[in-house]
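With my numbering as the guide, the letters of the sequence shown map in order to residues 228 to 484.
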Amino acid sequence: MPGGRLTKQERQQIALGLADDLSYAEIARRLDRPTSTVTREVLRNGGPGGYRAELAHRATERRAQRSRQVAPRAAQAAPQAHGRDAAAVAEFEESLTGVLMASGLTRMTARVLTCVFTTDAGSVTAADLVQRLQVSPASVSKAITYLERQGLVRRERDEGRRERYVADNDVWYQSTIGSARANDQLAATARQGVVVLGASTPAAARLENIARFLDFISESIVRAAEQAREVLHTGPAVASGDAGPAPDEAGAPSRDG
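Right, dumping it as structure tokens:
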């Protein structure tokens, strides 16, 4: 059942798939599950090298039991802004956290970044993160330090001199450009190998082809990033009722002249 919880048998199939070195997508296809479900399941329970079906199933049962215990308290929580469905928001945040973990972040740094991305204010304080994630200030500080070093968040102070953590609109642009620059460095290193190994050798030809490929990819990435940069600064969509006057009302000529 794609929409339900993973069964013990499905977890055993995931473990077998990992042992056979199958991709998350292939395992998910065989289970008729979303890839994000398998990715989140594996990363939450030891990663590709440490996943154990029995242990994962027990851990899930323990989490479910804890959730039932805190359900009354959650039911009294303040309503979500803009009439959002609290359960749907929580599920989305868990999915986004799993995807960020798959990209290389630890679970804590992924959870912190998810919080920053999904806040309407666009910034959070350490106290906000401690309360929302129910973790220690030290854990938040460590995660923020890493994210800042990677250029994924920046620090600023508000009028009350409190330190806030911001996911700048240009984070993805800077990250994309950084990826292109890494390709440039790899291409330059490959060309050093061409000289060392001898330009007329098969190994040198292979390295030159790699460098040319990376050159093309890097140039394409930078060009696309520059062209799309303004998308990162687009505001929220305006509701149809707030779109302003119709063309005729704004002075545009009507069909009847």
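Here a beta-carbon is modelled for each residue, glycine too, at the ideal position from N, C-alpha and C.
{"query": "Straight-line gap, Ile444 to Arg285 (C-alpha atoms, nearest Å)", "result": "45 angstroms"}
{"query": "Closest by C-alpha distance to Thr403, when choosing among Leu379, Ala313, Glu237 and His460", "result": "Leu379"}
{"query": "Leu459 to Leu424 span [Cα, whole Å]", "result": "44 angstroms"}
{"query": "Cβ shell of Val518 (< 7 angstroms), same chain only, five flanking positions each side left out", "result": "Any property of residue 518 remains undetermined from this structure, which presents the chain solely from 228 to 484."}
{"query": "Residue nearest to Thr345 in terms of C-alpha spacing, selected from Arg359, Ala354, Thr333 and Leu332", "result": "Arg359"}
{"query": "Contacts around Leu327, its chain only, beta-carbon distance under 7 angstroms, and the 5 residues preceding and following it disregarded", "result": "Ala337, Leu340 and Thr341"}
{"query": "Cα-Cα separation, Arg439 to Ser406", "result": "16 angstroms"}
{"query": "Candidates Val449, Asp442 and Arg418: closest to Ala432 by CA position", "result": "Arg418"}
{"query": "Segments assigned beta strand (DSSP E), at least 3 residues, entirely inside the segment 373-398", "result": "381-384 and 390-393"}
{"query": "Pick from Ser263, Asn396 and Val362 that is closest to Thr324, judged by C-alpha positions", "result": "Ser263"}
{"query": "Under 8 angstroms between C-beta atoms of Glu268 and Leu233", "result": "yes"}
{"query": "Cα-Cα separation between Ala354 and Val362, rounded to whole angstroms", "result": "10 angstroms"}
{"query": "In DSSP terms, what Ser402 is bridged to", "result": "Answer by DSSP bridge pairing: none, since Ser402 is not bridged."}
{"query": "Three-state secondary structure (DSSP) of Val351", "result": "strand"}
{"query": "Sequence-distant residues of its chain with Cβ nearer than 7 angstroms to Leu356 (five each side left out)", "result": "Val339, Cys342 and Val367"}
{"query": "Secondary structure of Tyr278, DSSP reduced to three states", "result": "coil"}
{"query": "Environment of Asn410 [buried if 16+ CB atoms lie within 10 Å]", "result": "buried"}
{"query": "Collapsed DSSP secondary structure at Pro299 in the structure displayed", "result": "Residue placement at Pro299 is flagged as unreliable, the pLDDT there being 46, under the threshold of 50; the coordinate-derived value follows with that caveat. The answer is helix: DSSP assigns Pro299 an H, G or I state."}
{"query": "Element boundaries [alpha helix (DSSP H), containing Asp247]", "result": "Taken as a continuous stretch (DSSP letters only), Asp247 belongs to no alpha helix (DSSP H), as it is neither H nor E."}
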